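What follows is a set of notes on a single structure, which appears directly below.
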Amino acid sequence: MTAALAAVSPGDLLADYGAALLWTGFAATAVAGGLVTVAALEARAGLSLPLAAVVGGCAALGGVLALLAVPLVRTALATAALAAAVSLVVVLGVVVVAELATVPVSS
Amino acid sequence: MTGAASGGASAAVAPLQLGLVLDFPPLLAPATLGVGILLLTVWFVADRLLPALGVDANLASETVLVATLVVGLFTTAIGAAASTDALWAVALLLFLVGRGVEGAVFVRLLRKLAHYAAEALAWLGGLVDGGSSTGRSTAGRSGGPGGGVGGAARSLVEKYVTKLLYRLLALGFLLVAVGVTVVLGATVVDFGRYTIPQVYALVVGTSALFAFAWNIRPALDRLGPLPFGGVLCCVVGAELYNFPPTGIAPATVQSALETADRLISVPFLGLGDLPTELAVAVAGIGAYALGAGFASLVVVVNDEQRETPVRERGRPPS
Chain A
533 MTAALAAVSP GDLLADYGAA LLWTGFAATA VAGGLVTVAA LEARAGLSLP
583 LAAVVGGCAA LGGVLALLAV PLVRTALATA ALAAAVSLVV VLGVVVVAEL
633 ATVPVSS
Chain B
471 MTGAASGGAS AAVAPLQLGL VLDFPPLLAP ATLGVGILLL TVWFVADRLL
521 PALGVDANLA SETVLVATLV VGLFTTAIGA AASTDALWAV ALLLFLVGRG
571 VEGAVFVRLL RKLAHYAAEA LAWLGGLVDG GSSTGRSTAG RSGGPGGGVG
621 GAARSLVEKY VTKLLYRLLA LGFLLVAVGV TVVLGATVVD FGRYTIPQVY
671 ALVVGTSALF AFAWNIRPAL DRLGPLPFGG VLCCVVGAEL YNFPPTGIAP
721 ATVQSALETA DRLISVPFLG LGDLPTELAV AVAGIGAYAL GAGFASLVVV
771 VNDEQRETPV RERGRPPS
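Chains as they are written, first to last, in our numbering: chain A, 533 to 639; chain B, 471 to 788.
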């Protein structure tokens, strides 16, 4: 009986996957960061797509290499991601509550 | 089956969340909440944050970019939390946000009731006015079937009472029919470890989810499918969430829970070490009240802003 309750703990379930999740997150953030850089360079700086892709790819690759080589970068990015996620969730809660409150009421 | 369902000694450690009633897969509640938060975050960043920063994020490709970035950010954050003792603090935060959204939904229900009450008052006002004018204009005659008090009463009955009765009848029929079906079905279907009341509770809970979606459907038109699905997932996830009480969780989780206890306990009241589950439930009620209070404030400010131009339009030109 209590085994089922103990298994409910996500801490228990995710404990072995912390590192895997961290690296998956790093990879996704690097890919997204590179793509955002490409889009920004193309739209804002007026670069052609191939050139923007090269610059964005280099930026993403540089980010991944820095993550692999320097532990401080990993710690900093993980801490920043945690802080950003927590702040986003709080802001989000406030925004969603405000939006829900102003949705018109119909009979 | 979990604590309260099994009764006995384990009932003493029964969690307070709905997750107790049925043995949901352990990751269902956090995953549902996580999906809800992700959907809401993608919507928030693409629809609100980027436009506020002057970036046009209406294109599908840019929304995909934002979604990838947000997923990467959240995966990193969960990975970082899972590698440390912060995971339960993050879980508690998600749970509290879900409760806050539930509070806002409650305010929406109150607004709906207020809307009905205002319409009923307007009808009563019309009834009084119509009755007196009918009395004046048709002095000496009884009110005709088409107008006056009789007409107003008939329109109220047609508009509200009949509609409400139909809905109540349909709901009652649904509940009884589903109950009878579950009981009869139990003779041929093996529910495994679950009892008939548990299965019935699950069916009614599922139908309540659809009713909730129906209730907040105006939000779908206004906000779009992402936040609509996000709100549904948040509320359902918060309802299913099942914090383990102290004593069952592994040692690392327990230390994090004790930290959370210290964070949310009120030392000057001298409550000492509250059971984690009780502390979480109290914090959840606080978040619910906070969400409801904030939503009420928004409603009041919004209504005032809407009424001000109307008053100014009504003022005669100087």
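By construction, the Cβ of each residue, glycine as well, lies at the ideal position given by its N, Cα and C atoms. The structure presented is a predicted model; accordingly, all values stated were derived computationally and were not measured.
Range of the contiguous alpha helix (DSSP H) that encloses residue i
i	result
Gly810/B	One cannot answer for residue 810/B here, as it falls past the ends of chain B, which runs 471 to 788.
Val658/B	No alpha helix (DSSP H) contains Val658/B, which DSSP labels as neither H nor E.
Arg692/B	Pro688 to Leu693
Arg606/A	Pro603 to Thr634
Simplified DSSP assignment, three categories, for residue i
i	result
Gly578/A	coil
Tyr549/A	helix
Thr665/B	coil
Arg581/B	helix
Thr554/B	coil
Val770/B	helix
Val505/B	helix
Val701/B	helix
Val637/A	coil
Buried/exposed call for residue i, threshold 16 Cβ in 10 Å
i	result
Arg576/A	exposed
Val650/B	exposed
Phe661/B	exposed
Gly549/B	buried
Ile666/B	exposed
Trp684/B	exposed
Pro603/A	exposed
Cys590/A	exposed
Leu597/A	exposed
Thr474/A	Residue numbering for chain A in the displayed model covers 533 to 639; residue 474/A lies beyond these limits and cannot be assessed.
Leu639/B	exposed
Leu624/A	buried
Leu508/B	buried
Pro521/B	exposed
Pro695/B	exposed
Val768/B	buried
Leu535/B	buried
C-alpha gap between residue i and residue j, whole angstroms
i	j	result
Ala647/B	Leu553/A	46 Å
Ala708/B	Val541/B	20 Å
Leu635/B	Gly642/B	10 Å
Phe544/B	Gly568/B	17 Å
Ala759/B	Leu580/B	14 Å
Ala610/A	Ala681/B	40 Å
Gly675/B	Glu774/B	37 Å
Leu510/B	Ile755/B	22 Å
Phe698/B	Ala574/B	14 Å
Val452/B	Ala551/B	Because chain B here runs from 471 to 788, residue 452/B falls outside it and cannot be looked at.
Gly588/A	Glu574/A	10 Å
Leu679/B	Val706/B	8 Å
Leu751/B	Leu562/B	Strictly speaking, residue 751/B in this sequence is Ala, with Leu absent from that position. The straight-line gap from Cα to Cα measures roughly 10 Å.
Asn434/B	Thr632/B	What the structure shows of chain B is the stretch from 471 to 788, and residue 434/B is not part of that stretch, so it cannot be assessed.
Ala601/A	Ala560/A	18 Å
Arg776/B	Val701/B	26 Å
Ser619/A	Ala592/B	45 Å
Thr502/B	Leu564/B	11 Å
Ser677/B	Gly578/A	53 Å
Leu594/B	Ala588/B	10 Å
Gly565/A	Cys703/B	28 Å
Val515/B	Ala617/A	12 Å
Trp555/A	Thr546/B	7 Å
Val627/A	Pro582/A	38 Å
Gly764/B	Ala559/B	Per the sequence presented here, residue 764/B reads as Phe, with Gly not at that position. For Phe764/B and Ala559/B, the distance between alpha carbons rounds to 23 Å.
Ala592/A	Val568/A	10 Å
Arg692/B	Val635/A	7 Å
Val512/B	Leu644/B	37 Å
Heavy atom of the ligand NAD within 7 Å of residue i beta-carbon
i	result
Gly700/B	With respect to the ligand NAD, the structure shown offers nothing to examine, as it has no ligands at all.
Q) Taking any Cβ of chain B, which residues in the region 564–587 of chain A have a Cβ under 8 Å from it, in chain order? A) In summary, the residues of the region 564–587 of chain A whose CB is separated from some CB of chain B by less than 8 Å are Ala564, Gly565, Leu567, Val568 and Ala571, in the order they occur in the chain.
To be precise: take each residue of the region 585–605 of chain A, compare its Cβ to all Cβ atoms of chain B, and keep it if any distance is under 8 Å. Which residues remain? Taken residue by residue, none of the region 585–605 of chain A has a beta-carbon sitting less than 8 Å from a beta-carbon on chain B.
Members of the region 559–580 of chain B that neighbour chain A once the beta carbon cut-off is set at 9 Å | Near chain A, meaning a CB-to-CB distance below 9 Å, the residues of the region 559–580 of chain B are Ala559, Val560, Ala561, Leu563, Leu564, Leu566, Val567, Gly568, Gly570, Val571, Gly573, Ala574, Val575, Val577 and Arg578.
task: Compile a chain-ordered list of the residues in the region 750–762 of chain B whose CB is closer than 7 Å to at least one CB of chain A.
output: Of all residues in the region 750–762 of chain B, the ones placed with a Cβ closer than 7 Å to any Cβ belonging to chain A are Gly761, in chain order.
Taking any Cβ of chain A, which residues in the region 648–673 of chain B have a Cβ under 7 Å from it, in chain order?
Residues passing the 7 Å Cβ filter: none.
- Query: Closer than 7 Å, Cβ to any Cβ of chain A: which residues of the region 495–519 of chain B, in chain order?
  - Reply: Cβ contacts with chain A come from Pro496, Leu497, Pro500, Ile507, Leu510, Thr511, Phe514 and Arg518.
Check: Residues in the region 671–699 of chain B with C-beta within 8 Å of chain A's C-beta atoms, listed in sequence order?
Finding: For chain A, the residues of the region 671–699 of chain B that bring a beta carbon within less than 8 Å of one of its beta carbons are Ile686, Pro688, Ala689, Arg692, Leu693 and Pro697, in chain order.
message: Can you pull out the residues from the region 620–636 of chain A whose beta carbon lies closer than 8 Å to at least one beta carbon of chain B?
response: Listed by position along the chain: Leu620, Val621, Val622, Val623, Leu624, Gly625, Val626, Val627, Val628, Val629, Ala630, Glu631, Leu632, Ala633, Thr634, Val635 and Pro636.
| task | Name, going along the chain, the residues of the region 541–552 of chain B whose beta-carbon falls closer than 7 Å to a beta-carbon of chain A. | result | Answer in chain order: Val541, Gly542, Leu543, Phe544, Thr545, Thr546, Ala547, Ile548, Gly549, Ala550, Ala551 and Ala552.
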